[in-house]
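Residue numbers (the working numbering): -3 to 566.
Built from N, CA and C at the ideal position, the CB exists for glycine as well.
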């Protein structure tokens, strides 16, 4: 007979949402309150490019060095408190980080058992890529923890796998426990970005004041045997946890009702949130389906070189000044040996009429150039821009002279058969164990659109005000696509939002999206709409093709746009 699953919830915390997050968070989470597992997410699309360039300089590198420094300070604390650590800080070299951790534990005199997961590196299948890594699931982590590992290091796994792996190990979930796994995926997605779940980057931050958000605490999830959980934080830490902060994070970098992963496809249209007390949100009702038969592979490559210069236009005739310097630079490019392959101009009217300071009287004209040839974005741009210093518009100056240009990267996604990827977990005793691919899979299709709520019945006046007066939003990136999640906080506001914010209205409010494909997804339980803007970010964040290359501010731009809102909602 199998032992029943533990009755007590598993307390999983997060101490990192990206490579460069708050260094002290590991110690804060270990000492701030009870914890069973501490996770840390260090990887993103841009991070893989950074680590790939590190590895070009030194093959022994390729992992998040700050994690090792954090462990030097805190591995003993984790051991003393019996907290297991699970992280993807291994990046491109999980074996190297695991070896470094074993050496560190030896120097500290700690009996720390370290395991790591391999198999995500598919570089041999994608020649020409700087990095090519499959997004693995949590079953390798599960096997490592069941074998007694105190620290588990992975490379590229899904962010949610850092939670699904420990939860499956703790509760004894089978690979086909789809509902429980889907609940853990949702918990993992909420935790993965650290303080974004506890008030960071939150649309309605002004309601809570700067003191509450001065130093948000990192989140934790109390996961139960059925996959439901409570999202909270350690007592006495800053920030807040409410239905709004969790809704915002659930919508972040997701799309439709089906949220596919290598272990399970979670149905986001089944998620229900309930305020369960101060700084406690219950997440329940999540349903799961078999995962798709393919794994996503993130590819990065060097795309060429880029450079930029920002011209400062002060006072009167800003548009005429911009026209003059554009014409002069374009003329210089025409006389150079070669014109950069891509030339992009953007005028930001940051100037104010009759301004009290020179800075507030000035607009910024940004020129970005790209080319495979570093000289085309180096010497060519320097000559075209700097030589104008005494012969252009009145008040000519730049924020900084252009340099030699820097390499930029390109992110792409590919898909491979999951059965063709050999995932291996290297256990603390050195044994190498294969982690089988899922037996049952289900092709990923769009869910049937849910019915919209009844329209808001109102015959009263409307007022043209910013959308953000009645709706929250959060945005982010997935490769070259931008995602914008928009939610309402009341049933009446949802009834209005669901009918008002159509794709056409979205494109009206966000002119940059008009020539692009925009897809709207409806999530009624969250009172939310999720928009995907295809191609807005070009080749992804590493290419830095746009003023806001990760679309972080896109949601706030949308919220600032005015539309006709019924006065009964204001």
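Query: In this structure, how does DSSP classify residue 205 when only helix, strand and coil are distinguished?; Result: helix
Query: Going by Cα to Cα distance, which pick from 524, 380, 11 is closest to residue 37?; Result: 11
Query: Which ranges would you report for the beta strand (DSSP E) in the region 509 to 564 if only whole runs of at least 3 residues count?; Result: 514 to 519, 524 to 529, 558 to 562
Query: What does residue 225 pair with, by DSSP beta-bridge criteria?; Result: 219, 279
Query: With distances taken between CB atoms, is the gap from residue 147 to residue 108 smaller than 8 Å?; Result: yes
Query: Using the C-alpha atoms, what's the distance from residue 225 back to residue 325?; Result: 58 Å
Query: Is there at least one Cβ from chain C nearer than 8 Å to residue 24's Cβ?; Result: This model lacks chain C altogether, as it is built from one protein chain only.
Query: Taking 8 Å as the threshold (C-beta atoms), are residue 263 and residue 283 in contact?; Result: yes
Query: Determine the closest residue to residue 495 out of 524, 295, 531, 291, with distance taken between C-alpha atoms.; Result: 524
Query: Rounded to a whole number of angstroms, what is the C-alpha to C-alpha distance between residue 44 and residue 407?; Result: 9 Å
Query: When the Cα of residue 181 is compared with those of 164, 191, 159, which residue comes out closest?; Result: 159
Query: With DSSP as the reference, label residue 501 as helix, strand or coil.; Result: helix
Query: So, are the CB atoms of residue 87 and residue 59 less than 8 Å apart?; Result: yes
Query: If I follow the unbroken beta strand (DSSP E) through residue 462, where does it start and stop?; Result: 458 to 462
Query: By the three-class DSSP mapping on this structure, what secondary structure does residue 160 have?; Result: helix
Query: Can you tell me whether residue 470 is buried or exposed? The criterion is at least 16 other CB atoms within 10 Å of its CB, across all chains shown.; Result: buried
Query: Count the other CB atoms, across all protein chains shown, that sit within 10 Å of the CB of residue 129; report buried if there are 16 or more and exposed otherwise.; Result: buried
Query: Taking the Cβ atom as the reference point for each residue, do residue 302 and residue 365 lie within a distance shorter than 8 Å?; Result: yes
Query: For residue 241, name the three-state secondary structure that DSSP assigns.; Result: helix
Query: Consult DSSP for residue 135 and reduce its assignment to one of helix, strand or coil.; Result: helix
Query: Does the beta-carbon of residue 69 have 16 or more other beta-carbons within 10 angstroms, so that it is buried, or is it exposed?; Result: exposed
Query: DSSP on residue 392, reduced to helix/strand/coil?; Result: coil
Query: With distance defined between alpha-carbon atoms, name the residue in 175, 356, 202 nearest to residue 266.; Result: 175
Query: Could you spell out the range, first to last residue, of the beta strand (DSSP E) harbouring residue 403?; Result: 402 to 413
Query: Which residue spans inside the region 344 to 368 form an unbroken beta strand (DSSP E) run of at least 3?; Result: 358 to 367
Query: Where residue 512 and residue 187 are concerned, what is the direct C-alpha to C-alpha distance, given to the nearest angstrom?; Result: 31 Å
Query: Quick one: grab the DSSP three-state call for residue 128.; Result: strand
Query: Does residue 483 come out as helix, strand or coil in the three-state DSSP assignment?; Result: strand
Query: With which residues is residue 212 paired in a DSSP beta bridge?; Result: 234
Query: Out of 504, 218, 21, which one is the CA nearest neighbour of residue 558?; Result: 504
Query: Could you say if the region 389 to 404 and the region 300 to 317 meet the contact criterion of at least three C-beta pairs nearer than 8 Å?; Result: yes
Query: Residue 320 and residue 412: beta carbons closer than 8 Å?; Result: no
Query: Using alpha carbons as the reference points, say which of 521, 169, 249, 245 lies closest to residue 448.; Result: 521
Query: Straight-line CA distance for residue 347 to residue 396?; Result: 19 Å
Query: So, is residue -3 buried or exposed, given that buried needs 16 or more other C-beta atoms within 10 angstroms?; Result: Below a pLDDT of 50, predicted positions are generally treated as unreliable, and residue -3, at 42, falls in that range; the measurement from the model is reported next regardless. By the 10 Å Cβ count, residue -3 comes out exposed.
Query: Skipping 5 residues on each side, what residues in its chain have a beta carbon closer than 6 Å to that of residue 157?; Result: 133, 134
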